[in-house]
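Okay, structure coming up:
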């Protein structure tokens, strides 16, 4: 018997917001078409909305984890104005070529395509892999979903809400 969908996990840059390359400043937040509507749709349906994002800019010393938190707070502020919310953010600052020593890791389990962030989210929300899907814009997102036992959906631009409506139908 198939479990009912209970959560949608999103990659951040390039899926929820435009990816301008190491996007981290609140003033640079530009939502992709249909992103806020998609989140509102999922909230209304009672599904958890979870962000799982690699943030190699932290490892590269371009910004710190506090800046990631500030960016996520701005996302939440704007979503609240639109009657929506994200339930949780998971960010991986680790990278094999890190300039910041504490974030240098050859193959961190949380860095997509590894499934660590997705598995943590499943565990934290008491979900089985069949109860969640991943929406991302890269093969590494799809691979992380596969490794976590989840179905992945590739976002290739356009109206994110239309993709979410199709995925959750």
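In our numbering, the protein residues as written are 12 to 180.
In this text, a Cβ means the ideal position worked out from N, Cα and C, and glycines have one as well.
- Boundaries of the alpha helix (DSSP H) around residue 132: 127–135.
- Residue range 162–165 is occupied by the beta strand (DSSP E) that includes residue 164.
- Between the region 99–113 and the region 121–134 there are three or more C-beta pairs closer than 8 Å, enough to call the two in contact.
- As DSSP reads the structure, residue 147 sits in a beta bridge with 165.
- Here residue 40 is near residue 28, since their CB atoms are less than 8 Å apart.
- Of all alpha-carbon atoms in 153, 34, 53, 21, the one lying nearest the alpha-carbon of residue 176 is that of 53.
- Taking 8 Å as the upper bound for CB-CB distance, residue 26 and residue 147 are in contact here, some 6 Å apart.
- Excluding its 5 nearest sequence neighbours in each direction, residue 72 has C-beta neighbours in its own chain below 6 Å: 110, 111, listed in chain order.
- Contact between residue 161 and residue 152 fails: their C-beta atoms lie close to 11 Å from each other, not under 8 Å.
- Taking the Cα positions, residue 81 is about 27 Å away from residue 143.
- Counted as a single uninterrupted DSSP element, the alpha helix (DSSP H) harbouring residue 69 occupies residues 67–70.
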